[in-house]
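Each remark here refers to the structure printed beneath this line.
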Amino acid sequence: MTVTIRHMLAEDIPRVGAVMVAAFNNLFRRHGYPEPFPSPAAGTSIAQGYARLEPNECFTALQEGQIVGSGFIHLRGDTAGIGPITVDPSAQAQGAGRALMQAVIEAGGGCPSLRLVQDAFNVVSFPLYSSLGFEVRGTISSLVGRNIRGDVSEDVEIREWQAEYIEHLAALDTRLTGIGREQDLRFFHAQPPHIAALVQGQLAGYLCFLRTEAGTFFGPAAATQPSVLRALILSAAEREQGKALRMRFPTRHATLLRELLAVGFRVETLQTYMVRGAWQTPDGAELLALFPEAL
Ligand SMILES: CC(C)(COP(=O)(O)OP(=O)(O)OC[C@H]1O[C@@H](n2cnc3c(N)ncnc32)[C@H](O)[C@@H]1OP(=O)(O)O)[C@@H](O)C(=O)NCCC(=O)NCCS
Numbered sequence: 094m095t096v097t098i099r100h101m102l103a104e105d106i107p108r109v110g111a112v113m114v115a116a117f118n119n120l121f122r123r124h125g126y127p128e129p130f131p132s133p134a135a136g137t138s139i140a141q142g143y144a145r146l147e148p149n150e151c152f153t154a155l156q157e158g159q160i161v162g163s164g165f166i167h168l169r170g171d172t173a174g175i176g177p178i179t180v181d182p183s184a185q186a187q188g189a190g191r192a193l194m195q196a197v198i199e200a201g202g203g204c205p206s207l208r209l210v211q212d213a214f215n216v217v218s219f220p221l222y223s224s225l226g227f228e229v230r231g232t233i234s235s236l237v238g239r240n241i242r243g244d245v246s247e248d249v250e251i252r253e254w255q256a257e258y259i260e261h262l263a264a265l266d267t268r269l270t271g272i273g274r275e276q277d278l279r280f281f282h283a284q285p286p287h288i289a290a291l292v293q294g295q296l297a298g299y300l301c302f303l304r305t306e307a308g309t310f311f312g313p314a315a316a317t318q319p320s321v322l323r324a325l326i327l328s329a330a331e332r333e334q335g336k337a338l339r340m341r342f343p344t345r346h347a348t349l350l351r352e353l354l355a356v357g358f359r360v361e362t363l364q365t366y367m368v369r370g371a372w373q374t375p376d377g378a379e380l381l382a383l384f385p386e387a388l
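For the sequence shown, this note's numbering begins at 94 and goes up steadily by one.
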């Protein structure tokens, strides 16, 4: 059956959201994991959010005039994040996923580094992305926790960041991770809380909170050292006592991973970080974002 791809229209959003939720819930259920989306409204609000922020970077897949999937890319200077890419379970394995990926790759044509996060248990998306030139650049532990407490080093001062920090934090972030996302820091600034770390009076890191119906997601975050990221995470956990906490943690920070497991975080799933094009391992330590996806 022929698949056509077009820019997402406002009227597509309810169906796009429903397909997103159905695709992920079906995937996780089939692999014995809890469904990640508690309600269809979450999919709609993701599609709505991206349509508002990046209307030219949202795509819809149609078969016989019916919406069967969607794909999103988030262009940030020399890097871009891709996702979510979803196809309705009833329309999978018929070429829609590949067509969506080709559309987002084309939209990111001028961008030297395209990035995405893939669930390691998904043996459909992994070969699909590999065949399109994405290469594994790391393993992500999807960490969850609740009522986490741990001592924070006195050498690190944590405070809510002010508007005047944004430019400095964005510059620090680009130096550490290579990603230019001042626009995202401004987005998170508009919906507190968000925290910054200072070491000897100098900005040394930041962490954004994304409060969702599935809990509070920590990230994006970046810090000059794992110990600074640790202080940011534990301080954020202290502020979100009683809530489910989630984050995408790059597993290469092995010592910090051990420390987070020791204070009660658990690994829910493993994910693969895949990059098409330029890549340099970030300096310092970072958490990947869920919004915008995969950066
Ligand atoms: C991942 C997803 C978007 C793919 O969409 P799709 O329409 O099913 O995929 P397509 O039919 O376009 O392509 C799948 C490709 O993988 C290949 N494939 C599938 N299983 C494979 C395996 N185990 N080994 C090797 N190749 C495999 C297929 O042969 C096909 O390749 P082809 O294009 O060369 O024929 C879809 O399955 C989905 O929505 N899954 C749930 C949500 C999800 O995980 N999204 C990705 C988030 S990162």
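Note that beta-carbon positions come from the ideal geometry of N, C-alpha and C, so glycine has one too. It should be emphasised that the depicted structure is a prediction, and the values quoted were computed from it without experimental measurement.
Look at the alpha carbon of residue i and the alpha carbon of residue j, and state the distance between them as a whole number of angstroms.
i: residue 196; j: residue 227; result: 15 Å
i: residue 244; j: residue 141; result: 39 Å
i: residue 187; j: residue 307; result: 31 Å
i: residue 386; j: residue 290; result: 24 Å
i: residue 122; j: residue 276; result: 35 Å
i: residue 278; j: residue 349; result: 24 Å
i: residue 185; j: residue 249; result: 49 Å
i: residue 156; j: residue 137; result: 20 Å
i: residue 302; j: residue 189; result: 33 Å
i: residue 95; j: residue 352; result: 50 Å
i: residue 241; j: residue 114; result: 29 Å
i: residue 218; j: residue 198; result: 15 Å
i: residue 256; j: residue 384; result: 20 Å
i: residue 120; j: residue 366; result: 19 Å
i: residue 304; j: residue 331; result: 15 Å
i: residue 313; j: residue 133; result: 24 Å
Under 8 Å Cβ to Cβ from residue i, same chain only, skipping five residues before and after it: list those, please.
i: residue 153; result: 98, 99, 100, 101, 102, 105, 109, 160, 162 and 163
i: residue 333; result: 302 and 309
i: residue 254; result: 262, 282, 287, 288, 289 and 299
Is it buried or exposed, residue i, if we count other Cβ atoms within 10 angstroms and call 16 or more buried?
i: residue 202; result: exposed
i: residue 381; result: buried
i: residue 205; result: exposed
i: residue 373; result: exposed
i: residue 208; result: buried
i: residue 252; result: exposed
i: residue 341; result: buried
i: residue 158; result: exposed
i: residue 148; result: exposed
i: residue 368; result: buried
i: residue 343; result: buried
i: residue 284; result: exposed
In this structure, how does DSSP classify residue i when only helix, strand and coil are distinguished?
i: residue 167; result: strand
i: residue 214; result: coil
i: residue 126; result: coil
i: residue 194; result: helix
i: residue 152; result: strand
i: residue 313; result: strand
i: residue 383; result: coil
i: residue 147; result: coil
i: residue 221; result: helix
i: residue 364; result: strand
Beta-carbon within less than 7 Å of residue i's beta-carbon, same chain only, minus the 5 sequence neighbours each way: which residues are those?
i: residue 377; result: 269, 315, 316, 317 and 318
i: residue 116; result: 179, 180, 181 and 182
i: residue 370; result: 205, 206 and 207
i: residue 346; result: 319 and 378
i: residue 130; result: 114, 117, 118 and 136
i: residue 111; result: 133 and 136
Grab me the residues of residue i's own chain with a C-beta within less than 6 Å of its C-beta, minus the 5 sequence neighbours each way, in chain order.
i: residue 274; result: 169
i: residue 267; result: 273
i: residue 151; result: 101, 143, 144 and 165
i: residue 225; result: 194
i: residue 329; result: 300 and 311
Quick test of the definition: if touching needs 3 or more C-beta pairs under 8 Å, does the stretch 162-175 touch the stretch 305-322?
Proximity of the stretch 162-175 to the stretch 305-322 falls short of the contact definition, fewer than three beta-carbon pairs being nearer than 8 Å.
Any 3 or more C-beta pairs closer than 8 Å across the stretch 156-165 and the stretch 181-195:
Cβ pair count under 8 Å is three or more, so yes.
Quick one: any contact between the stretch 328-337 and the stretch 260-273, if contact means 3 or more CB pairs under 8 Å?
Too few Cβ pairs lie closer than 8 Å, so no.
Are the stretch 356-374 and the stretch 221-241 touching, with three or more C-beta to C-beta distances below 8 Å?
Judged by Cβ distances under 8 Å, the stretch 356-374 makes contact with the stretch 221-241, as three or more pairs qualify.
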